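Single-structure report; data block below.
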Amino acid sequence: MEENLSNVEQRLKRYWYTDGIAELIGGGMFVLLGLYFALQEFLGQNSMLGGILQASLALLMIGGAIVSRKLVNALKTRLTYPRTGYVEYQVDERNMRWRGILAAIVAVSVSVLTIIFVRQFQSFDSLVAITGIIVGLILIVLRAKSAGLTRFYVLGLVSLVLGLVLSISGLPNGYSLGLFYGMMGVCFLISGGLTLRRYLIDNPLPAGPRDD
Amino acid sequence: MTDVLRRLTDLDRLIHEPARLLILTILASVASADFLFLQRETGLTKGNLSAHLSKLEEAGYVKIEKTFKGKLPLTVCRLTSAGQKALTQYRQQLQEFINETR
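Protein chains in written order, with the numbering used here: chain A, 8 to 219; chain B, 29 to 130.
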């Protein structure tokens, strides 16, 4: 009984990713993040615009998360819910508040660490490797394992390999980090696009009005 | 053994029906789900699902609301606290029976 219940829970978790929309939007955000790091490298550390870009990373990350959520919901309302139904996931309000605070702390910490790395070491190499490991582990543990989705194992593995390869590539500063996010973003876009295509083929819009 | 069997007869028969148990199990894992989602997950026909949901709503285990998500009309179902309590109790009773007859 316990095992069956956990299967049901896992299937319900998987439903969020069944259409690939979350990956598509996440991929878009990763590509933008890649462009951000590449642009920062291109502009240089000492230019005014580069400084403004560095300082606004936390704001961009929080804003990006909010916009992503809204976009995913809007697309799901248009594409997914009319085809396979609507699900609202359980949210613990207290947890949400703490998660919001935690996300803000992580965003600010990442920004500060990035600035410190750029200023102190003038190299992103170790940062790319660490980023690859963190993103890879998040994909493998929180997505692939908990929801039972095989394609996230592949994406997690790509992240680990890409992070390690770029860390030893010798590419200048932010370009390696920009390339990491950009390439991961493209992988997400491909994975999400293929998943969405398959989902739309397998689940045509039900004919007639919803007479439930 | 007799006592264990007697306790089994105390099981909530409204929940014990497989289709209704599946509906409640799904609703217990989410905040709410709409009719179409439940229909696809349970594999029931519209009429069957509707009948089971009506019984669960009459018992106060499920709350059904007609609402809109954007322009999309939805029939949203959610487990009530009474439904959550009844399902937990049902699972405990069944678990006790399994443990004692193992």
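Glycine included, every Cβ here is placed at the ideal spot set by N, Cα and C.
It should be emphasised that the depicted structure is a prediction, and the values quoted were computed from it without experimental measurement.
Going by CA-CA distance only, name the one from the options that's closest to residue i.
i: CYS105 of chain B; options: B:THR95, B:ALA114, B:LYS113, B:LYS99; result: B:THR95
i: ILE197 of chain A; options: A:ILE175, A:VAL161, A:LEU171; result: A:VAL161
i: ALA65 of chain A; options: A:CYS194, A:LEU109, A:VAL79, A:ASN80; result: A:LEU109
i: TYR182 of chain A; options: A:LEU82, A:GLU30, A:VAL38; result: A:VAL38
i: MET36 of chain A; options: A:LEU60, A:VAL115, A:TRP23, A:MET68; result: A:MET68
i: CYS194 of chain A; options: A:ARG204, A:PRO179, A:GLY163, A:ALA62; result: A:GLY163
i: TYR24 of chain A; options: A:ILE73, A:TRP105, A:ALA62, A:THR91; result: A:THR91
So, is residue i buried or exposed, given that buried needs 16 or more other C-beta atoms within 10 angstroms?
i: ASP26 of chain A; result: buried
i: ASP209 of chain A; result: exposed
i: ASP62 of chain B; result: buried
i: THR202 of chain A; result: buried
i: ALA45 of chain A; result: buried
i: THR37 of chain B; result: exposed
i: LEU212 of chain A; result: exposed
i: ASN53 of chain A; result: exposed
i: TYR43 of chain A; result: buried
i: GLY34 of chain A; result: buried
i: VAL165 of chain A; result: buried
i: SER40 of chain A; result: It should be pointed out that residue 40 of chain A corresponds to Leu in this sequence rather than to Ser. LEU40 of chain A should be labelled buried.
i: GLY70 of chain A; result: exposed
i: LEU184 of chain A; result: buried
i: ALA151 of chain A; result: buried
i: TYR96 of chain A; result: exposed
i: GLY75 of chain B; result: exposed
i: VAL79 of chain A; result: buried
i: THR129 of chain B; result: exposed
i: ASN127 of chain B; result: exposed
i: GLU30 of chain A; result: buried
i: LEU77 of chain B; result: buried
i: LEU84 of chain B; result: buried
i: LEU102 of chain B; result: buried
Looking at residue j and residue i, is the spacing between their C-beta atoms short of 8 Å?
i: VAL15 of chain A; j: SER57 of chain B; result: yes
i: GLY189 of chain A; j: ARG21 of chain A; result: no
i: ILE28 of chain A; j: GLY192 of chain A; result: no
i: ILE32 of chain A; j: SER75 of chain A; result: yes
i: PHE125 of chain B; j: TYR93 of chain A; result: no
i: VAL148 of chain A; j: LEU173 of chain A; result: no
i: LYS99 of chain B; j: TYR88 of chain A; result: no
i: THR116 of chain B; j: GLY88 of chain B; result: no
i: LEU167 of chain A; j: ILE140 of chain A; result: yes
i: LEU171 of chain A; j: PHE187 of chain A; result: no
i: PHE159 of chain A; j: LEU146 of chain A; result: yes
Could you name the residues of the same chain whose beta carbon sits closer than 8 Å to that of residue i, not counting the 5 residues immediately before and after it, in chain order?
i: GLY57 of chain A; result: GLN47, LEU50, GLY51
i: HIS80 of chain B; result: GLU45, ALA47, ARG48, ILE51, LEU72
i: THR157 of chain A; result: ALA151
i: GLU9 of chain A; result: Here GLU9 of chain A scores only 47 on pLDDT, less than 50, and its place in the model should not be relied on; the value that follows carries that caveat. Contacts found: none.
i: SER153 of chain A; result: GLN17, LYS20
i: PRO179 of chain A; result: GLU48
i: VAL223 of chain A; result: An answer regarding residue 223 of chain A cannot be provided, because it is not within the stretch 8 to 219 covered by chain A.
Using C-beta distances below 6 Å, list every residue in its chain close to residue i, excluding the 5 sequence neighbours before and after it, in chain order.
i: LEU39 of chain B; result: GLN121
i: LEU33 of chain B; result: none
i: LEU60 of chain A; result: GLN47
Go through its chain and collect everything with a Cβ distance to residue i's Cβ below 7 Å, but skip five positions before and after it.
i: ILE54 of chain B; result: ALA61, LEU66, GLU69
i: ALA59 of chain B; result: ARG106
i: SER176 of chain A; result: SER183
i: ALA114 of chain B; result: ASP40, ILE43, TYR89
Taking 7 Å as the cut-off, is the CB of residue i close to at least one heavy atom of the ligand HEM?
i: GLY170 of chain A; result: Questions concerning the ligand HEM fall outside what the structure shown contains, since it holds no ligand whatsoever.
Report task. Could you name each continuous beta strand (DSSP E) segment of 3 residues or more that falls completely within the stretch 76 to 113 of chain B, going from the start of the chain to the end? Result -> 90 to 97, 100 to 107
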